[in-house]
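Novice:
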Amino acid sequence: MANVLELVTKEVQTLRESKMYKIETPLLGPQGGIVKIKGHEVVMLAANNYLGLSNHPAVKRAAAEGIREYGYGVASVRFLCGTQDAHLKLEKKIAKFVGTEDAILFSSCFAANEGFFASVTNEKLGCETYRDVLYSDRLNHASIIDGQRLCRNETTEKKIYGHADTAELERMLEEDKDKDYRFRIIATDGVFSMEGDLAPLPRLVELAQKYGAMLFVDDSHAVGVMGKSGRGTAEQLGVFGKIDVLTGTLGKAIGGAAGGYIAGKKKLVEYLRQKSRPYTFSNSLPPMIVFGAMAALDLLMKDRSIVKRLHDNTAYFRKEIKDLGYTIIDGIHPIVPVMLGEAAVAMDMSQELLKAGVYIKGLWFPVVPRGEARLRAQISAAHTKKDLDRALDAFEKVGKKLKVIRGEFFQNRQNHED
Ligand SMILES: Cc1ncc(COP(=O)(O)O)c(C=O)c1O
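Quick note: to get our numbering, add 1 to the position in the sequence shown (first position is 1).
This is how it looks when you write it as structure tokens:
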């Protein structure tokens with residue numbers, strides 16, 4: 002018989018040798034535009050703290066009030082005795098913000114995504130025999146993939162279309178249109194975290210309508226970020242209110258603590274309260290987080306200047322880093338992929354940048370295609386212009402030292418693809 006510890010130790014060793022080992026650097030204080038790590042303070046370009054609310058006084062005050070008024074935890078799942086009126090209030094607030102009838106809270110968006118697909122497809126719902134079909138973007142988040150894995154293969158067909166490839170999706174839908182499926186569900190991230198690009202939602206809405214499919218969008222990187230008022234990808238792309246099911250996290254822009262949600266029609270949300278296992282059988286969100294998230298949403302609904310600052314900072318950084326000679330993937334999202342090509346270059350660059358006062362993470366194969374290693378900068382409303390300039394100075398200095406400022410990356414990528 003194999004020894005578990007022996008095999009996992011070998012696997013970890015392989016991860017180290019292949020430079021896939023994930024290194025955790027402790028922060029010695031709160032998340033922010035500038036963070037403290039051992040030895041020095043650095044500009045943070047790796048957090049999902051898009052609106053800078055994770056250490057915002059109003060959010061912290063609300064969280065403290067949550068503890069004072071409602072205690073530290075509820076020690077129960079929602080249907081036993083884990084529902085406080087604050088949970089219901091937050092659910093209403095989320096629904097209003099993202100433009101749906103209702104919403105339901107989960108401990109995380111990972112749990113929300115795991116809790117959606119199987120709860121809909123694994124139940125007979127009065128149908129003795131049935132088959133459902135899922136269409137999923139190739140670059141969807143791990144939690145969507147895992148959520149769909151929970152759907153039984155005997156009753157659910159799982160199809161993957163090329164990233165943002167609505168022509169391929171349409172071909173699949175057309176091919177399947179006369180098949181006797183019970184449910185057709187199209188699933189996509191609203192914003193994809195590796196490239197910072199937006200899903201083609203207007204076309205997906207059209208296709209869902211044309212082929213009688215339900216459209217599911219995980220807006221974790223977009224809620225609080227995209228659109229003039231931060232209501233997400235649908236607001237940004239002019240299809241607000243037209244998405245059937247929206248999921249999102251409270252662990253990025255909306256305070257950055259934890260928690261997730263599914264938002265949609267009232268009847269669907271009522272059903273999920275009964276049947277979604279990560280909701281039904283897992284503790285409800287702590288009051289501190291519920292209050293913090295409500296304060297974050299209140300701030301957003303009252304004051305558009307925070308989202309505007311994020312958009313302005315993003316546009317500034319995108320322009321300046323290009324002017325330095327770096328190649329980025331163009332776009333509008335605060336995720337700014339700085340393309341470097343070789344994994345070794347991205348690794349050296351992130352280490353040198355840390356020494357120069359910038360905390361940034363690299364991505365390389367197999368997380369992104371071979372030869373497309375990159376640093377992923379994430380811009381925040383918490384950054385001042387001075388912080389961004391400090392980061393840009395470091396990029397200039399390190400880029401020159403490592404001779405990576407070329408601006409040729411996309412020409413090479415293009416030739417390679419030709
Ligand atoms: C697109 C997407 N969905 C879901 C999640 C998971 O969110 P949470 O941290 O709330 O579990 C993430 C987090 O990285 C994400 O990027």
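Don't be surprised by glycine CBs; every beta carbon is placed ideally from N, CA and C.
Hey, is Asp147 close to ligand 1, as in C-beta under 7 Å from one of its heavy atoms?
Specialist: no
Novice: Sorted by chain position, which residues of the same chain lie with C-beta nearer than 6 Å to Tyr270's C-beta, five sequence neighbours on each side aside?
Specialist: It is worth fixing the name first, because residue 270 is Val in this sequence and not Tyr. Around Val270: Asp103 and Ile105.
Novice: Beta-carbon separation of Leu341 and Ala347 under 8 Å?
Specialist: yes
Novice: Quick one: is the Cβ of Ser144 within less than 7 Å of any heavy atom of ligand 1?
Specialist: yes
Novice: Please classify Gln85 as buried or exposed, where buried requires at least 16 neighbouring CB atoms within 10 angstroms.
Specialist: buried
Novice: Which two residues bound the contiguous beta strand (DSSP E) that contains Asp190?
Specialist: Arg185 to Asp190
Novice: Take Val308 and list the residues in its own chain whose beta-carbon comes closer than 6 Å to its own, dropping the five residues that flank it on each side.
Specialist: Gly231
Novice: List, from N- to C-terminal side, the beta strand (DSSP E) runs of 3 residues or more that fit wholly inside the segment 108-162.
Specialist: With a minimum length of 3 residues, the continuous beta strand (DSSP E) runs that stay inside the segment 108-162 are 133-138 and 157-162.
Novice: Which of the three DSSP states is assigned to Thr328 in this structure?
Specialist: strand
Novice: Is the beta carbon of Thr157 closer than 8 Å to that of Thr130?
Specialist: Contact: no.
Novice: Could you give the first and the last residue of the continuous alpha helix (DSSP H) run that contains Pro203?
Specialist: Counted as a single uninterrupted DSSP element, the alpha helix (DSSP H) harbouring Pro203 occupies residues Leu202 to Tyr212.
Novice: Would you say Lys387 faces chain C, with C-beta separation under 8 Å as the test?
Specialist: Annotation note: the requested chain C is absent from the structure, which comprises a single protein chain.
Novice: Measuring straight from C-alpha to C-alpha, what distance separates Lys211 and Arg150?
Specialist: Using only the alpha carbons, I get a separation of about 27 Å.
Novice: According to the Cβ coordinates, are Ala294 and Leu170 closer than 8 Å?
Specialist: no
Novice: Skipping 5 residues on each side, what residues in its chain have a beta carbon closer than 6 Å to that of Leu364?
Specialist: Arg375 and Arg377
Novice: Taking DSSP as the reference, what is the three-state secondary structure of Ser19?
Specialist: coil
Novice: What does the Cβ neighbour count give for Val43, buried or exposed, with the cut at 16 atoms within 10 Å?
Specialist: buried
Novice: Using 10 angstroms around the beta-carbon of Pro335, count the other beta-carbons present and answer buried if the total reaches 16, otherwise exposed.
Specialist: buried
Novice: Less than 8 Å between the C-beta atoms of Gly116 and Phe107, yes or no?
Specialist: yes
Novice: Taking the Cβ atom as the reference point for each residue, do Pro288 and Ile35 lie within a distance shorter than 8 Å?
Specialist: Result no, Cβ atoms of Pro288 and Ile35 do not sit closer than 8 Å.
Novice: Between Tyr136 and Ala188, how many whole angstroms is the CB-CB distance? I'm expecting something under 8 Å.
Specialist: 7 Å
Novice: For Ile255, name the three-state secondary structure that DSSP assigns.
Specialist: coil
Novice: Sorry if obvious, but does the Cβ on Asn114 come closer than 7 Å to a heavy atom of ligand 1?
Specialist: yes
Novice: For His384, which of helix, strand or coil comes out of DSSP?
Specialist: coil
Novice: Say yes only if the C-beta of Ser221 is nearer than 7 Å to one or more non-hydrogen atoms of ligand 3, and no if none qualify.
Specialist: The model depicted lacks ligand 3 and carries ligand 1 instead.
Novice: Which residues bound the alpha helix (DSSP H) around Lys90?
Specialist: Asp86 to Val99
Novice: Quick one: complete alpha helix (DSSP H) runs, 4+ long, within the segment 221-246?
Specialist: List check, alpha helix (DSSP H) in window: 234-237.
Novice: When you compare each of Gly191, Pro203, Gly242 and Ala209 to Val226 by their alpha carbons, which one comes out closest?
Specialist: When each option's Cα is compared against that of Val226, the closest is Gly191.
Novice: Beta carbon of Gly197: closer than 7 Å to some heavy atom of ligand 1?
Specialist: no
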